[in-house]
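Peer 1: A single structure is presented below for examination.
Number of protein chains: 2
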Amino acid sequence: MPADYQIHELGSVTLQGGATIRDCKLAYKTYGTLSPAKDNVIVYPTWYSGQHYENEWLVGSGMALDPARWFIIIPNMLGNGLSSSPSNTPEPYNGPRFPNVTACDNVRVQHRLVTEKFGIEKIRLVTGWSMGALQTFHWGALYPDMVEKIAPFCGSAKCSRHNFVFLEGVKAALTADAAFAGGWYATKPAIGLRAMARVYAGWGFSQAFYREELDLKTLVYSSLEDFLVAFWEGFFLPKDANNLLTMLWTWQHGDISDNTLYNGDFKRALGAIKARAYVMPGQTDLYFPPEDSQFEVAHMPNAELIPVPSIWGHFAGGPGTNPTDVAFLDAKLKQLLAE
Amino acid sequence: MPADYQIHELGSVTLQGGATIRDCKLAYKTYGTLSPAKDNVIVYPTWYSGQHYENEWLVGSGMALDPARWFIIIPNMLGNGLSSSPSNTPEPYNGPRFPNVTACDNVRVQHRLVTEKFGIEKIRLVTGWSMGALQTFHWGALYPDMVEKIAPFCGSAKCSRHNFVFLEGVKAALTADAAFAGGWYATKPAIGLRAMARVYAGWGFSQAFYREELDLKTLVYSSLEDFLVAFWEGFFLPKDANNLLTMLWTWQHGDISDNTLYNGDFKRALGAIKARAYVMPGQTDLYFPPEDSQFEVAHMPNAELIPVPSIWGHFAGGPGTNPTDVAFLDAKLKQLLAE
Numbered sequence: 086m087p088a089d090y091q092i093h094e095l096g097s098v099t100l101q102g103g104a105t106i107r108d109c110k111l112a113y114k115t116y117g118t119l120s121p122a123k124d125n126v127i128v129y130p131t132w133y134s135g136q137h138y139e140n141e142w143l144v145g146s147g148m149a150l151d152p153a154r155w156f157i158i159i160p161n162m163l164g165n166g167l168s169s170s171p172s173n174t175p176e177p178y179n180g181p182r183f184p185n186v187t188a189c190d191n192v193r194v195q196h197r198l199v200t201e202k203f204g205i206e207k208i209r210l211v212t213g214w215s216m217g218a219l220q221t222f223h224w225g226a227l228y229p230d231m232v233e234k235i236a237p238f239c240g241s242a243k244c245s246r247h248n249f250v251f252l253e254g255v256k257a258a259l260t261a262d263a264a265f266a267g268g269w270y271a272t273k274p275a276i277g278l279r280a281m282a283r284v285y286a287g288w289g290f291s292q293a294f295y296r297e298e299l300d301l302k303t304l305v306y307s308s309l310e311d312f313l314v315a316f317w318e319g320f321f322l323p324k325d326a327n328n329l330l331t332m333l334w335t336w337q338h339g340d341i342s343d344n345t346l347y348n349g350d351f352k353r354a355l356g357a358i359k360a361r362a363y364v365m366p367g368q369t370d371l372y373f374p375p376e377d378s379q380f381e382v383a384h385m386p387n388a389e390l391i392p393v394p395s396i397w398g399h400f401a402g403g404p405g406t407n408p409t410d411v412a413f414l415d416a417k418l419k420q421l422l423a424e
Numbered sequence: 086m087p088a089d090y091q092i093h094e095l096g097s098v099t100l101q102g103g104a105t106i107r108d109c110k111l112a113y114k115t116y117g118t119l120s121p122a123k124d125n126v127i128v129y130p131t132w133y134s135g136q137h138y139e140n141e142w143l144v145g146s147g148m149a150l151d152p153a154r155w156f157i158i159i160p161n162m163l164g165n166g167l168s169s170s171p172s173n174t175p176e177p178y179n180g181p182r183f184p185n186v187t188a189c190d191n192v193r194v195q196h197r198l199v200t201e202k203f204g205i206e207k208i209r210l211v212t213g214w215s216m217g218a219l220q221t222f223h224w225g226a227l228y229p230d231m232v233e234k235i236a237p238f239c240g241s242a243k244c245s246r247h248n249f250v251f252l253e254g255v256k257a258a259l260t261a262d263a264a265f266a267g268g269w270y271a272t273k274p275a276i277g278l279r280a281m282a283r284v285y286a287g288w289g290f291s292q293a294f295y296r297e298e299l300d301l302k303t304l305v306y307s308s309l310e311d312f313l314v315a316f317w318e319g320f321f322l323p324k325d326a327n328n329l330l331t332m333l334w335t336w337q338h339g340d341i342s343d344n345t346l347y348n349g350d351f352k353r354a355l356g357a358i359k360a361r362a363y364v365m366p367g368q369t370d371l372y373f374p375p376e377d378s379q380f381e382v383a384h385m386p387n388a389e390l391i392p393v394p395s396i397w398g399h400f401a402g403g404p405g406t407n408p409t410d411v412a413f414l415d416a417k418l419k420q421l422l423a424e
């Protein structure tokens, strides 16, 4: 089967941390046609461990992100296994030697794709779920004159301390497996991946989701244990451990102000986002609670807080798991694009 | 140093699961003097991994649990390292062969202590934090004519599905360490204990606790990483892994109705609790959310829901970590005892 995505060859990319990825590759897929005026562009970055096709639930005919109307670019995050990652980078920067990548690094190479490859000067909308939201905020802060609208959902402009701690637990579970071997595993650390999945399970969905047994009643797993094995362990087992840790580092160190533009002044970075913004936290998201979004919106000049009324926790935002939430998000995106 | 606790020799104890612990030991400590009429008794069970002395923050002169007025019995949970546990039981029921113990098993042996050893017929109050609350609910449901008042705080009468999943993550992190060796470790599985600690860290305190940096400002750790190492890893590293897993099983399978009295009818078991009850969830507890307590109170004939107004998450309830919450709980216990 031929790959359903393109590669933008970036050459040597020097990261914020000082390392250089040589022959750096940005995998992406586009949907729809770029208008002659290049004024119909939507950028839609991926989430933690997700690849472009796992973003497609929000793209479709009749939806806000309709390829008949918009030119939609889904760039794969560095570390996600398709763009340059621990799993596909040759020695000496392979595996656990793959350098730390920031969300800022990601958005800068995405900006290169958009400008170098397509000659685009204006972006109508950037949107994304979770770490996709983190990149969305970065687009707004790093390229305020280029981005007209942003719609980050179930994510934040800066990793909160609690979110950081949650991820420490995920990381510790994965790396507790001796087979992980400091990242030099010959066969995948399956025990660690399964442990990580079980840790994640309590965070991904809300208390109310489990209370209402939506794992059984809506997602139709046969038991709670079946949900933990088939959904959660099944989700992480196929993924490369070093890739997961690279993206986890990106997440933990996400901060729109951690760059020479803003020098760590988070409020100033938020204030610099000119884009009209719908910030949409999940009402019951356990690691991106609405309170954090509230703070962000309060410091953005043109933003609105729109919580997603859902008991699906973080999965209120994706990846298309709950049709009701998808309909809510889609309607809000339509509204934002129509403003 | 002589032990500061007593042992009640239980002989052979057959558990709900069918196993028998021979020469079963219940470690306990008492505070104050049993009145001649034996009408001043308070039972105060321990929490997950806690031992009697770690309950003492709620006992003291001038407090609700004043030894000058009350005869307070703190029984150590089976599996906690002082009562019969994987770590102190001789072969063949030692280590990972130690049998599964339910909260019902625990409260039944505590009832034996109270009646056999002290000849007590009425208990004025049972109270406890977390798994101590679980045992408190069990006291109310198993001995409704014996227990006058109960005050379970930051705990539940039945382990919720979400709480179960949170504990699956904790367990998976601990057992992912190859040194755990199915429980047959020669030296302690330190990597697993540290991983478990990091997983727990995100659950124990609330998002708001971390947002407000109370780990630094109130608990005075020097950095977030210092809090994770010194507080959390330091908390779990001294504990025996099999003991932790025994108590974790007890927690996961806690259910006041899972016995021949109620045959799994949870609402009926709640309805059978005659005791006047103050049910006190932590307002921001991530694994015992107030909604679960609300359900319980709605099905108890004589109960009141009193959320603890705190951003300390589960630690609103103990173990004496936040003086403001201690004062709140103490005041409510005074009020309940005075009713």
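Protein chains in written order, with this note's numbering: chain H, 86 to 424; chain G, 86 to 424.
By construction, the Cβ of each residue, glycine as well, lies at the ideal position given by its N, Cα and C atoms.
By DSSP, does Thr-345 of chain H sit in helix, in strand, or in coil?
Peer 2: As a working mapping, residue 345 of chain H is identified with position 260 in the first sequence. DSSP places Thr-345 of chain H in coil when its eight states are reduced to three.
Peer 1: Measure the C-alpha to C-alpha separation of Gln-426 of chain H and Ile-127 of chain G and round it to an integer number of angstroms.
Peer 2: A query on residue 426 of chain H cannot be resolved here, the shown segment of chain H reaching from 86 to 424 and no further.
Peer 1: For Arg-107 of chain H, count neighbouring C-beta atoms within 10 Å of its own C-beta (all shown protein chains included) and say buried if the count is 16 or more, exposed if not.
Peer 2: Counting from 1 along the first sequence, the entry for residue 107 of chain H is found at position 22. With fewer than 16 Cβ atoms within 10 Å of its Cβ, Arg-107 of chain H is classed as exposed.
Peer 1: DSSP on Tyr-319 of chain H, reduced to helix/strand/coil?
Peer 2: Working through the first sequence from its first residue, we reach residue 319 of chain H at position 234. According to the sequence displayed, residue 319 of chain H carries Gly and not Tyr. Helix at Gly-319 of chain H.
Peer 1: In the DSSP assignment, what are the bridge partners of Pro-175 of chain G?
Peer 2: Reading the second sequence from its first residue, position 90 is the one you call residue 175 of chain G. For Pro-175 of chain G, which the question treats as bridged, DSSP gives no partner whatsoever.
Peer 1: Quick one: what does DSSP say Val-393 of chain H is sitting in, helix, strand or coil?
Peer 2: In the first sequence, counting from the first residue as 1, residue 393 of chain H sits at position 308. Strand.
Peer 1: Given that a residue counts as buried once 16 or more other Cβ atoms are within 10 Å of its Cβ, and exposed if not, what is Trp-269 of chain G?
Peer 2: As a position in the second sequence, residue 269 of chain G is number 184, starting the count at 1. Exposed: under 16 other Cβ atoms inside 10 Å.
Peer 1: Taking Cβ positions, are Gly-398 of chain G and Ser-291 of chain G nearer each other than 8 Å?
Peer 2: Position 313 of the second sequence, counted from the start, is the residue given in the question as residue 398 of chain G. Position 206 of the second sequence, counted from the start, is the residue given in the question as residue 291 of chain G. Contact flag set, yes.
Peer 1: Does the distance from the CB of Gly-367 of chain H to the CB of Val-393 of chain H come in under 8 Å?
Peer 2: Walking along the first sequence from the start, residue 367 of chain H turns up at place 282. Walking along the first sequence from the start, residue 393 of chain H turns up at place 308. Going by C-beta atoms, Gly-367 of chain H is nearer than 8 Å to Val-393 of chain H.
Peer 1: Taking C-beta pairs closer than 7 Å, name the residues in chain G that Asp-410 of chain H reaches, listed in chain order.
Peer 2: Residue numbering aside, residue 410 of chain H sits at position 325 when the first sequence is read from its first letter. Per Cβ cutoff of 7 Å: no residues; Asp-410 of chain H is ~19 Å from chain G at best.
Peer 1: Which residues in the same chain as Ile-205 of chain G place their Cβ atom closer than 6 Å to its Cβ, once the five residues preceding and following it in sequence are excluded?
Peer 2: The residue given as residue 205 of chain G occupies position 120 in the second sequence. Excluding positions up to five away in sequence, the list reads Lys-123, Val-126, Val-199.
Peer 1: Say whether chain H places a C-beta atom closer than 8 Å to the C-beta of Ala-88 of chain G.
Peer 2: On the second sequence, residue 88 of chain G is found 3 positions in, with the first residue counted as 1. Not an interface residue.
Peer 1: Find the residues of chain G that neighbour Asp-262 of chain H, judging by a C-beta separation of less than 7 Å, and give them in chain order.
Peer 2: Here residue 262 of chain H refers to the residue found at position 177 of the first sequence. By Cβ distance, chain G contributes Ala-261.
Peer 1: Does chain H have any CB closer than 8 Å to the CB of Ser-245 of chain G?
Peer 2: By one-based count along the second sequence, residue 245 of chain G stands at place 160. Output row for Ser-245 of chain G: interface = yes.
Peer 1: Measure the Cβ-Cβ separation of Gly-405 of chain G and Ser-215 of chain G and say whether it is below 8 Å.
Peer 2: Walking along the second sequence from the start, residue 405 of chain G turns up at place 320. Walking along the second sequence from the start, residue 215 of chain G turns up at place 130. In this structure, Ser-215 of chain G does not lie closer than 8 Å to Gly-405 of chain G by Cβ.
Peer 1: Quick one: Cα of Glu-176 of chain H to Cα of Met-332 of chain H, how far?
Peer 2: Position 91 of the first sequence, counted from the start, is the residue given in the question as residue 176 of chain H. Position 247 of the first sequence, counted from the start, is the residue given in the question as residue 332 of chain H. Between Glu-176 of chain H and Met-332 of chain H, the C-alpha separation is close to 19 Å.
Peer 1: From the DSSP output, in three-state form, read off Glu-206 of chain G for me.
Peer 2: Here residue 206 of chain G corresponds to residue number 121 of the second sequence, with the count starting at 1. Coil, per DSSP.
Peer 1: Find the residues of chain G that neighbour Arg-279 of chain H, judging by a C-beta separation of less than 9 Å, and give them in chain order.
Peer 2: Taking the first residue of the first sequence as 1, we reach residue 279 of chain H at position 194. Under the 9 Å cutoff, chain G gives Ala-257, Ala-261.
Peer 1: Between the stretch 317-337 of chain G and the stretch 185-203 of chain G, can you find at least three pairs of beta-carbon atoms closer than 8 Å?
Peer 2: The stretch 185-203 of chain G vs the stretch 317-337 of chain G: in contact.
Peer 1: Can you give the Cα-Cα distance for Ser-172 of chain G and Ala-326 of chain G, rounded to whole angstroms?
Peer 2: Counting from one through the second sequence, the residue named residue 172 of chain G turns up at place 87. Counting from one through the second sequence, the residue named residue 326 of chain G turns up at place 241. Approximately 9 Å, taken between the alpha carbons.
Peer 1: Provide the residue(s) that pair with Arg-361 of chain G in DSSP beta bridges, ordered along the chain.
Peer 2: Against the second sequence, residue 361 of chain G aligns to sequence position 276. The partner list for Arg-361 of chain G (beta bridge, DSSP) reads G:Lys-234.
Peer 1: By Cβ distance below 8 Å, which residues in the same chain neighbour Leu-119 of chain H in space, the five residues on each side in sequence not counted?
Peer 2: Position 34 of the first sequence, counting from 1, holds the residue named residue 119 of chain H. For Leu-119 of chain H, where only same-chain residues beyond five positions count, the Cβ hits under 8 Å are Asn-125, Val-126, Phe-156, Phe-203, Ile-205.
Peer 1: Mapping DSSP to helix, strand and coil, what is Ser-378 of chain H?
Peer 2: Reading the first sequence from its first residue, position 293 is the one you call residue 378 of chain H. Helix, per DSSP.
Peer 1: Am I right that Ser-241 of chain G and Ser-146 of chain G are in contact with their C-beta atoms under 8 Å? What's the rounded C-beta distance?
Peer 2: Here residue 241 of chain G corresponds to residue number 156 of the second sequence, with the count starting at 1. Here residue 146 of chain G corresponds to residue number 61 of the second sequence, with the count starting at 1. Ser-241 of chain G to Ser-146 of chain G, Cβ: 31 Å. No contact.
Peer 1: Between G:Gln-195, G:Gly-213, G:Leu-95, G:Gln-101, which lies nearest to Ala-401 of chain G when the distance is taken from Cα to Cα?
Peer 2: The sequence position of residue 401 of chain G within the second sequence is 316, counting from 1. Closest option to Ala-401 of chain G, Cα to Cα, is G:Gly-213.
Peer 1: Let me know the secondary structure DSSP gives Pro-181 of chain H once reduced to three states.
Peer 2: Counting from 1 along the first sequence, the entry for residue 181 of chain H is found at position 96. Of the three classes helix, strand and coil, the one that applies to Pro-181 of chain H here is helix, per DSSP.
Peer 1: For Tyr-116 of chain G, which residues from the same chain have a beta carbon less than 7 Å from its beta carbon, with the 5 sequence-adjacent residues on both sides left out?
Peer 2: Numbered from 1 along the second sequence, position 31 holds the residue referred to as residue 116 of chain G. Only Val-144, Pro-152, Ile-157 meet the Cβ criterion.
Peer 1: Does the Cβ-Cβ distance between Ala-383 of chain G and Ala-362 of chain G come in under 8 Å?
Peer 2: Within the second sequence, the letter at position 298 stands for residue 383 of chain G. Within the second sequence, the letter at position 277 stands for residue 362 of chain G. No; because the gap between Cβ atoms is not below 8 Å, this pair is not in contact.
Peer 1: With a threshold of 7 Å on Cβ separation, who are the neighbours of Glu-297 of chain H within its own chain once the five nearest residues in sequence on each side are excluded?
Peer 2: Locating residue 297 of chain H in the first sequence gives position 212, counting from the first residue. If we look at Glu-297 of chain H and ignore the five residues flanking it on each side, its Cβ neighbours are Ile-396.
Peer 1: Against chain H, which members of the stretch 284-304 of chain G pass a CB distance test of less than 9 Å?
Peer 2: Result list: Val-284, Tyr-285, Ala-286, Gly-287, Trp-288, Phe-290, Ser-291, Gln-292, Ala-293, Phe-294, Tyr-295, Arg-296, Glu-298, Asp-300.
Peer 1: Using a Cβ-Cβ cut-off of 7 Å (strictly less than) and excluding sequence neighbours within five positions of Ala-282 of chain H, which residues of its own chain qualify?
Peer 2: Numbered from its first residue, the first sequence carries residue 282 of chain H at position 197. Result list for Ala-282 of chain H: Trp-317, Glu-318, Phe-320, Phe-321, in chain order.
Peer 1: Grouping DSSP H, G and I as helix and E and B as strand, with all else coil, what is Phe-294 of chain G?
Peer 2: Indexing the second sequence from 1 puts residue 294 of chain G at position 209. Note: Phe-294 of chain G maps to helix in three-state DSSP.
Peer 1: Specify, as a first and last residue, the run of the beta strand (DSSP E) that Asp-108 of chain H falls within.
Peer 2: By 1-based counting over the first sequence, the position of residue 108 of chain H is 23. Looking at the DSSP string, the run of the beta strand (DSSP E) that includes Asp-108 of chain H is 105-116.
Peer 1: Mind checking which residues open and close the alpha helix (DSSP H) that includes Pro-408 of chain H?
Peer 2: Reading the first sequence from its first residue, position 323 is the one you call residue 408 of chain H. Here the alpha helix (DSSP H) through Pro-408 of chain H covers 408-423.
Peer 1: Pull up the distance between the alpha-carbon of Asn-179 of chain G and that of Thr-131 of chain G, whole angstroms please.
Peer 2: Walking along the second sequence from the start, residue 179 of chain G turns up at place 94. Walking along the second sequence from the start, residue 131 of chain G turns up at place 46. Distance between the alpha carbons of Asn-179 of chain G and Thr-131 of chain G is about 22 Å.
Peer 1: Spell out whether any CB of chain G is found under 8 Å from the CB atom of Phe-351 of chain H.
Peer 2: Translated into positions along the first sequence, residue 351 of chain H becomes position 266. With 8 Å as the cut-off, Phe-351 of chain H does not count as an interface residue toward chain G.
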